[in-house]
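Sequential numbering from 244 applies to the sequence shown in this note's numbering.
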Amino acid sequence: MLKHFGVVRGEEVVKAINRMPAFALTGDPTNKKHLIIETFPTGITLGLFPDVFPIKYKIKSKVEFGTSKMEMGRIINLFKRLSDFNPQVYNVEDFFSDSLGIQAMSKKGYKNLEDKLDAFLY
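Next comes the structure, spelled out in structure tokens:
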């Protein structure tokens, strides 16, 4: 999205979409070819893991990158517990297999994992 819209903030993306006549915002995605879905990971993680909330895995300028990495490891370990739930969530280990080297990740690799985690939350 950054490449196409120049920003990734949801409200800025909406403004950019509204300026493009070929695109439309809708509450009914059933007849569309492409969708952009905005998720709110904070609410989802609170709902899944209220006993360990907050989990601050997002890269922020005021938070050390190492701290974000520790939080990412924590949330992925929590997700791996979902395979023990009923109903079971399958393939969690496979989905996050690249997360074993979180501490060695570059910011670019970490952002890819962050996007993957957000997609998993959706």
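Beta carbons are placed, not taken as given, at the ideal position from N, Cα and C, and that holds for glycine.
#1: Compute the Euclidean distance between the alpha carbons of L321 and A265, then round it to the nearest angstrom.
#2: Exposed or buried, what is P333 when buried is set at 16 or more other beta-carbons lying within 10 Å of its beta-carbon?
#3: Could you give the distance in angstroms between the alpha-carbon of D337 and the alpha-carbon of F296?
#4: Am I right that I302 and E357 are in contact with their C-beta atoms under 8 Å? What's the rounded C-beta distance?
#5: Taking the alpha carbon of L364 as the point to measure from, which residue in E254, D271, M263, F283 has its own alpha carbon closest?
#6: Taking the alpha carbon of Q346 as the reference point, which residue from R324, T310, K323, P330 has its own alpha carbon closest?
For this structure:
#1: Here the question's residue 321 lines up with position 78 in the sequence shown. Here the question's residue 265 lines up with position 22 in the sequence shown. For L321 and A265, the distance between alpha carbons rounds to 41 Å.
#2: One-based indexing of the sequence shown puts residue 333 at position 90. One detail in the question is off: residue 333 reads as Tyr in this sequence, not Pro. Result: exposed.
#3: Residue mapping note: residue 337 aligns to position 94 of the sequence shown, counting from 1. Residue mapping note: residue 296 aligns to position 53 of the sequence shown, counting from 1. Per the coordinates, the alpha-carbon of D337 lies some 24 Å from the alpha-carbon of F296.
#4: Locating residue 302 in the sequence shown gives position 59, where the first residue counts as 1. Locating residue 357 in the sequence shown gives position 114, where the first residue counts as 1. Rounded to the nearest angstrom, the Cβ distance from I302 to E357 is 7 Å, consistent with a contact under 8 Å.
#5: Position 121 of the sequence shown holds residue 364. Measuring from the Cα of L364, the nearest candidate turns out to be F283.
#6: In the sequence shown, residue 346 corresponds to position 103, counting from 1. Of the candidates R324, T310, K323, P330, the one whose C-alpha sits nearest the C-alpha of Q346 is T310.
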